Structure formats: structure tokens, C-alpha cells
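A short write-up of the structure that comes next.
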Amino acid sequence: MIETKRLIIREMVQSDYDALCGILCDEEVMRAAYESAFNLEEAQNWLNRHLKRYEEYGFGLWAVVLKETNEMIGQCGLTMQGWREKEILEIGFLFQKAYWHKGYATEAAIACKEYAFSVLNANRVYSIIRDTNIAAQKVAVRNGMNIIDKDTKNFRNIDMEFFLYSVERTK
538 MIETKRLIIR EMVQSDYDAL CGILCDEEVM RAAYESAFNL EEAQNWLNRH LKRYEEYGFG
598 LWAVVLKETN EMIGQCGLTM QGWREKEILE IGFLFQKAYW HKGYATEAAI ACKEYAFSVL
658 NANRVYSIIR DTNIAAQKVA VRNGMNIIDK DTKNFRNIDM EFFLYSVERT K
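So this is what it looks like as C-alpha cells:
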């Protein structure tokens, strides 16, 4: 679907469930984004939600596959998310810990931004990132984004602070 130098970004399928659990059920990975890991049922619900988003919107979070090994190492893509009282087009990403700090998230996020601008004809894209997730904030900056807002969101009955990053299409 989307190809970069090192990655193939494609729709997730049910057979990606085990690899997805390697991300969503990992306590360290999920602490940065959501404070705690998902259980197996929550991971399946997550996958189901994105399969439905593909049908509804034509996009969602996609599998990020390493060309070299054909292994799903993360997920990155576009979702409609609520921010204050409006729906925004967000670039989101989560990767297996073994693939952190190797530039994969940035490579995938940039490709998703380009897809949003060229295929979806979006004028602006956003990333909603926890204020404590410094690595994800660096990905947003490398993707040309700046902080434009901050808000508290409640996830799993925990209030968390999030930054809203954004970049506008220039062409």
C-alpha cells in the first residue's frame, strides 16, 4: 500500500494479531502511550476497530512491515480522533520495543503524512502525544510538526496530559 526505503505499510489483517499483541500487550511499550498494557481481548478489539475503520474511512492504523524480514514491527497510520469538540486527522504510531530508536517510526510517520496530503487531499494532519512520551514527540518534530495545543484526556479512567502536534500541507 505504502512503500518506503525500508518499510511496507499495509492494512492489518487477523493474522497480524500475534505481532500486534507484541506491541499492545507489552507493558513498557504501552506505558509510554497509555499508562498500561492491553490484555488479549483489548488487543483484539483494537484490531477489530481498525478493520472497521478501513471499511468506513479507507484508512486506519496500518501494519508496518520490515522489508528485510517481512516482520510486522509496528503500526502507523491515520485515524479520525476527537480533540476538544472536533474530529481531526491524526497520524498515530506504536512500535515493538526492539525497533525503537532506529528511525522506523519517523520513516513511517512521514510516509503517512505524505499519503494524507497526496491521496486524501488533507490540508493539515495532527499527532496527539502524551506529554511524557519524549521519543514520540521527537518523531512528530522530525515529521515537521509543532505543538499547537495541550489538553487532558481520560483513558482507562486515568487523566493524562497530551500535546497536539500539527503540520500543514505546503503544496
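Take 538 as the starting number for the sequence shown in our numbering and just add one per residue. We treat Cβ as the ideally placed atom computed from N, Cα and C, and that holds for glycine. All of these numbers come straight from a predicted model, not from anything done at the bench.
In this structure, the beta-carbon distance from Y591 to E548 falls below 7 Å. Residue pairing of G640 in beta bridges, as defined by DSSP: absent, with no partner found. The shortest CA-to-CA distance from L657 to any of R706, E622 and S573 is the one to R706. In the structure shown, the three-state DSSP call for G681 is coil.
Listed in chain order, the non-local C-beta contacts of R679 below 6 Å within the same chain comprise T643, local neighbours out to five positions each way being set aside.
One alpha carbon belongs to A569, the other to Q581, and they sit about 20 Å apart. Under the DSSP assignment, Q612 falls in the beta strand (DSSP E) whose first and last residues are E608 to W620. In this structure, DSSP gives D686 an extended state, which the three-state scheme calls strand. In the DSSP assignment, L701 falls within the beta strand (DSSP E) that extends over I695 to E705. A straight line joining the alpha-carbon of I539 with that of D563 spans about 26 Å. Per DSSP, the beta bridge partners of Y663 are E627 and S703. Of the other Cβ atoms in all chains shown, fewer than 16 fall within 10 Å of the Cβ of L577; this residue is therefore exposed. For A648 against I546, the beta-carbon gap comes to about 6 Å, under 8 Å, which counts as contact. Look at R547 here: in three-state DSSP terms it is strand.
CA-to-CA, the gap between K690 and S664 works out to about 14 Å. For V566, the enclosing alpha helix (DSSP H) begins and ends at E564 to Y571. Contact between Q633 and V676 does not hold, since the beta-carbon distance rounds to 15 Å and is not under 8 Å.
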